Structures are given as structure tokens and as C-alpha cells.
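Undergrad:
Numbering (the numbering used here), first residue to last: 2 to 292.
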């Protein structure tokens, strides 16, 4: 049950980061502000203000390198907001390392820092297009049809994989760039009928399945499991309250196993890799960060 509560806390937050030492920092967008909170394993520490203009219940991401900590969020006027931690002043301040384009009123975010230190952000523009922003000057519209407000996730390996829900079939898809062109494929052949706010990916080496953990707007926490080459299957795990507390749909004795979500860190040295029905693979030996 503790693993499901941790998963619920991760999905309920606007964003979060896990340090190589295992410390967790959560982001929350509420009351018009974006704040961070340190989790000490049993409770939250003091709040730290990131910025004072945040769209309520919007998503945000950490982009972290050895030299800097950046948080990308969504402002109250539906533009990207960029804040960097100033080590000298020990506070967060607006920064121009990335542009601040307008985003869709229901846009979610995903992002990563590559091995060259370049920052990448995924979002939906006001027309609903899925956009890949790279650094301060380059952006591409990804030629896919995503649901309005689709949750986004990225596995940032040598060839990054971007995950979203398609408006064409309501399946979870992954898209990646190959030989200069974008290639799209179905990940979980299961129609998602609930409106989702978040998703996380968990490749299960034990069962050779891909588990997608989803949090719906109504607080339902469920998983979609897909065997290689097979169809997706949904399992409702429970409900997550407005303050992030998980309530199981089953008794503790029937609590399902929670597969660790994919989150490679620079200190992560396992050689585990995972291939699936789509053309791509998960590799936890990567030094990329995933948010």
C-alpha cells in the first residue's frame, strides 16, 4: 500500500524530482503560485516559492544539470514560465534560458536535459498541436493528433520516446524522431475513456509487460498493462483525494504489485533494458534525466 501512496503522491503533484541520493522534491500549483516542498519520507517540509503566477492545477517539470536547476511551469496567462535557482541569492528567479510561448489552456508538460546539456520541453500550443521545444531557438510541431490536454511523458534515452494519448483511437502512443522524421506507434492498444491528468510508464522486466499508470481528472488511479504483441488491460487501483491521499479499491491483502516507474538518473548503473511491440527500447543505463 505504501508504494501506491507514493505513486499517488507523484501523480497528484504538479511535478517532482528524485535526487541521486533518493530525496524527493514536489511541485504544486495552487493559489496562483508555484511552490516546491521537500518530502522527508513521512511528511512535507517547508514550502519554497518558485513563482507567483501559476495556472491552478497545472503541471510543471524540473530540468536539472550539475550546474543549474530550472523549473518550467505554466503561468496564469497560459504561457510557459521559466525559473532558475540562484545559488548566490538562494531563491528562484525568472530566467531567459528558454522561450515562453503561449500554450493550450489544458496543456500538460514533459521534458528532459540531454547529454549535451540542451533542455527539451513538450507541450500543446493553443491550437492543440504537440510541440517539441529544444533550447532557446528551435521548436517543432510533432505531426500527430493528440487529445486536448493529453498527459505527456518522455523516456529520454539516446533516441527519446515521447508518450501521449491519441485523439484518433484514444490509445497511448509513442512518437520518436528517426532519420530526421517523426515516427508514431501504438504503445497500449486499449481505449482510454476517462480524461487523464497524468501518466507514468513502468516497464516490467519480470512479466515482460509495459504498465502505464494513469490518474484521471476524477481522481481514479488505474493501470493499463500490455503484454508484448497483446491487447491492453485496465485495472482500477483506487481513488486519489484532492490532497493526494490514496484509497484502495481492494483490500490490503489483494493490493497489486507496483512496478517502479521509469526514471533514470546519472547515478543509476543498472544495465536493464526493455524492448516492446513499438519500435524503441527503454535503457536504464542512460545518463539522461526524465521528468
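Cβ atoms here follow ideal geometry from the backbone N, Cα and C, with glycine treated the same way. Since the model is a prediction, treat every value here as computed from it, not as a measurement.
So, helix, strand or coil for residue 68, using DSSP?
TA: The answer is coil: DSSP assigns residue 68 none of H, G, I, E or B.
Undergrad: Since residue 110 and residue 153 should fall inside the 8 Å C-beta cutoff, what is the C-beta to C-beta distance between them, to a whole number of angstroms?
TA: Rounded, the Cβ-Cβ distance is 7 Å, consistent with contact.
Undergrad: Nearest-angstrom Cα distance between residue 182 and residue 243?
TA: Taking the straight line from one Cα to the other gives about 41 Å.
Undergrad: Quick test of the definition: if touching needs 3 or more C-beta pairs under 8 Å, does the region 55-64 touch the region 112-132?
TA: The answer is yes - the region 112-132 touches the region 55-64, with three or more Cβ pairs under 8 Å.
Undergrad: Let's test the definition: count the other Cβ atoms within 10 Å of the Cβ of residue 258 and tell me whether it reaches 16, buried, or not, exposed.
TA: By the neighbour-count rule (16 or more Cβ atoms within 10 Å), residue 258 is not buried but exposed.
Undergrad: Distance, Cα to Cα, residue 312 vs residue 75?
TA: Nothing can be reported for residue 312, as the shown portion of the chain is limited to 2 through 292.
Undergrad: Can you tell me where the alpha helix (DSSP H) with residue 6 in it begins and where it stops?
TA: Unbroken alpha helix (DSSP H) run through residue 6: 3-13.
Undergrad: Classify residue 247: buried if its beta carbon has 16 or more other beta carbons within 10 angstroms, exposed otherwise.
TA: It counts as buried.
Undergrad: Determine, using beta carbons only, whether residue 233 and residue 190 come nearer to each other than 8 Å.
TA: Closer than 8 Å, so yes.
Undergrad: Per DSSP, what kind of secondary structure is residue 109 in: helix, strand or coil?
TA: The answer is coil: DSSP assigns residue 109 none of H, G, I, E or B.
Undergrad: Name, in chain order, the residues that DSSP records as bridge partners for residue 184.
TA: DSSP lists 177 as partners of residue 184.
Undergrad: Note down the Cα distance separating residue 202 from residue 176, rounded to an integer number of angstroms.
TA: Roughly 14 Å separates the two Cα atoms.
Undergrad: How big is the Cα-Cα spacing for residue 137 and residue 129?
TA: Each residue's Cα considered, the two are about 21 Å apart.
Undergrad: Considering just the uninterrupted stretch of the beta strand (DSSP E) at residue 1, what are its terminal residues?
TA: The structure shown does not extend to residue 1, since the chain spans only 2 to 292, so no value can be given for it.
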